[in-house]
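Residue numbers (UniProt numbering): 1 to 164.
Virtual Cβ for every residue (Gly too), placed ideally from N, Cα, C.
Here is the structure we will look at.
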Amino acid sequence: WEKPPEGAIKVNFDGSKNSHSAAGGYVVRDWSGHLLLAGAFNLGAASILVAEATAMRNGLRAAIEAGFNNIHIEGDNKTLIQAVQRHIQPPWEIQVLVQDILFFLQKCNHVTVNHIFREGNRAADWVAKLGLSLSSTRLWSQPCHLDLQRILSEDNLGYTLARR
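Written out as structure tokens, the structure reads:
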């Protein structure tokens, strides 16, 4: 994970799936790596692609609703990133979600959307996995769970897991 430029925020998102349900989560941090917002949700029976797209939309919407408009977005689902970048046609199951994301992107003064390997997306991955255990949406800023605090601290220090 790399900090965004000064004055910008970064939204990392991810999806998670088990045999019973799919979930998603997002983490919003400022240029110093400080946690601003995080959210996790359980979608029930859904695909991982729908979970990822919902997490991207929800994280972007939360950042905009909090008043941010210089936003860097990162996720580890290449298909979704390419669809939002308009490099590919979105798969049918996320067409409406991609339309929502593009609508929110128009509200930003500056926005980038980039793919990140999962090793750099650990905070969003942790939040998405938490979503699998939830029955309702959970939103928070500070304080957050100790495991998430550890991941955020490691990200701020530049620790990265080796690419597998």
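request  = Determine the burial state of Gly75: buried for a count of at least 16 other Cβ atoms within 10 Å of its Cβ, exposed for fewer.
outcome  = buried
Integer-rounded CB distance, given that Leu43 should sit under 8 Å from Ala51 = 6 Å
message = Taking the beta carbon of Tyr26 as the centre, do at least 16 other beta carbons fall within 10 Å, making it buried, or is it exposed?
response = buried
inquiry  = Going by the DSSP bridge assignment, what does Asn70 pair with across the sheet?
reply    = His110
task = Provide the residue span of the alpha helix (DSSP H) that contains Ser153, from first to last.
result = The continuous alpha helix (DSSP H) containing Ser153 extends over residues Leu146 to Asn156.
key: Terminal residues of the alpha helix (DSSP H) in which Ala128 lies   = Start and end: Arg122 to Gly131.
query = Which of the three DSSP states, helix, strand or coil, is assigned to Leu60?
reply = DSSP places Leu60 in the helix class (H, G or I) of the three-state scheme.
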